[in-house]
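A.B. asks:
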Amino acid sequence: MGKLGFDPGQGGTENIEIARAHYCLALKINPNNIRALYGLFLCATNIAINPKSTPVKRKEANKLAKWALKELNIRYDEKMVEEKPVAALEVLMNNIHITTST
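Numbering (my numbering), first residue to last: 5 to 106.
1) Do you know offhand how far Ala65's Cα is from Leu46's?
2) How long is the line joining the alpha carbons of Ala72 and Asn98, rounded to whole angstroms?
3) Determine the contact status of Glu25 and Thr49, defining contact as a CB-CB distance below 8 angstroms.
4) Which of the three DSSP states is assigned to Pro35 in this structure?
5) Smallest Cα separation from Ala52: which of Lys67, Ala40, Tyr42 and Leu41?
6) Can you have a look at Ile20 and say buried or exposed, based on whether 16 or more other CB atoms are within 10 angstroms of its CB?
Here is the structure:
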C-alpha cells in the first residue's frame, strides 16, 4: 500500500500539475485504481480552486474533478452492492442460537 503523493501545502501549482499527470497515467494503466482516482480528484479540485491557475486550466480541472468524483461514486456504489448480501448473511449468522437438547 502506498500513500497519496501529493501535499497541497508544499511545492506550488507545478507540483500539483505533475501529480495530476501521474494520477492520470496510473489510471491509464489500471482504471480500477481507487487511490489514483482519489488523488486525481484532490489535484484537480486544488487546481480548479487555485486563483493562480489560468481560467482554461481551472475549467479543465473542474471537469476532471467532476469526472473523478463520479467514477469514485460508481466504484463505491458497486462495492456497497457487493457487500450487502455478505453483511445480511453475517447478521443472520450472528442471530443463530444453537442449543442442545438434554
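No residue lacks a Cβ here, since even glycine has one placed at the ideal position from N, Cα and C.
All values derive from a computational prediction rather than experimental measurement.
C.D. replies: By the coordinates alone:
1) Looking up residue 65 in the sequence shown gives position 61. Looking up residue 46 in the sequence shown gives position 42. Roughly 10 angstroms between the two C-alpha positions.
2) The count along the sequence shown starts at 1 and reaches residue 72 at position 68. The count along the sequence shown starts at 1 and reaches residue 98 at position 94. Ala72 and Asn98: Cα-Cα distance of roughly 38 angstroms.
3) For the purposes of this step, residue 25 is taken as residue 21 along the sequence shown, with counting starting at 1. For the purposes of this step, residue 49 is taken as residue 45 along the sequence shown, with counting starting at 1. Reading off the sequence, residue 25 comes out as Ala, not Glu. It is not a contact, given that the beta carbons lie outside the stated cut-off.
4) Along the sequence shown, read from residue 1 onward, the residue named residue 35 stands at position 31. Three-state result, Pro35: coil.
5) Counting from 1 along the sequence shown, the entry for residue 52 is found at position 48. Here the closest residue by C-alpha is Lys67.
6) In the sequence shown, the residue the question calls residue 20 occupies position 16. Flag for Ile20 reads buried.
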